[in-house]
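Notes for the one structure printed next.
Numbering (the working numbering), first residue to last: 1 to 135.
And the structure:
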């Protein structure tokens with residue numbers, strides 16, 4: 001009687017262990033399948049990101065080709081801006097006695113360094129008194 005109970009218990013233990021092994025194998029196979037899917041997705045994503053970067057780089061190159069301003073064009077634009085500035089904007093912003101001081105402030109060595117020129121023009125347009133006081 002005792003031997004039969006021990007025998008039945010071992011058989012049940014073996015069956016439960018087999019089911020446990022099957023369940024663990026199924027989980028492992030599902031995990032492997034999921035990792036394969038994730039890797040495929042990552043590779044597709046990386047591929048599409050590389051394609052998107054190439055498209056963006058090509059688009060940037062096309063934009064640079066279309067909208068590149070040559071130095072002669074830049075000088076022409078600056079001269080046009082100066083013409084508009086001193087013929088239209090300056091007489092409206094400042095009294096006539098201070099126009100000469102404003103022209104002497106902005107022209108000169110600022111013409112060589114165009115970033116300083118833009119800062120001076122912005123300061124001159126937005127706050128005329130500040131631009132005139134600080135030479």
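Quick reminder that beta carbons are idealized off the backbone N, C-alpha and C, glycines included. Note that the structure is predicted; figures quoted are calculated from it, not measured.
Using only the alpha-carbon positions, how far apart do residue i and residue j sit?
| i | j | result |
| --- | --- | --- |
| residue 44 | residue 25 | 28 Å |
| residue 57 | residue 50 | 10 Å |
| residue 5 | residue 11 | 10 Å |
| residue 37 | residue 31 | 10 Å |
| residue 9 | residue 19 | 15 Å |
| residue 61 | residue 41 | 30 Å |
| residue 23 | residue 2 | 31 Å |
Given that a residue counts as buried once 16 or more other Cβ atoms are within 10 Å of its Cβ, and exposed if not, what is residue i?
| i | result |
| --- | --- |
| residue 39 | exposed |
message = Could you tell me which whole beta strand (DSSP E) segments of length 3 or greater appear in the region 15-71?
response = DSSP runs (the beta strand (DSSP E)) wholly in the region 15-71: none.
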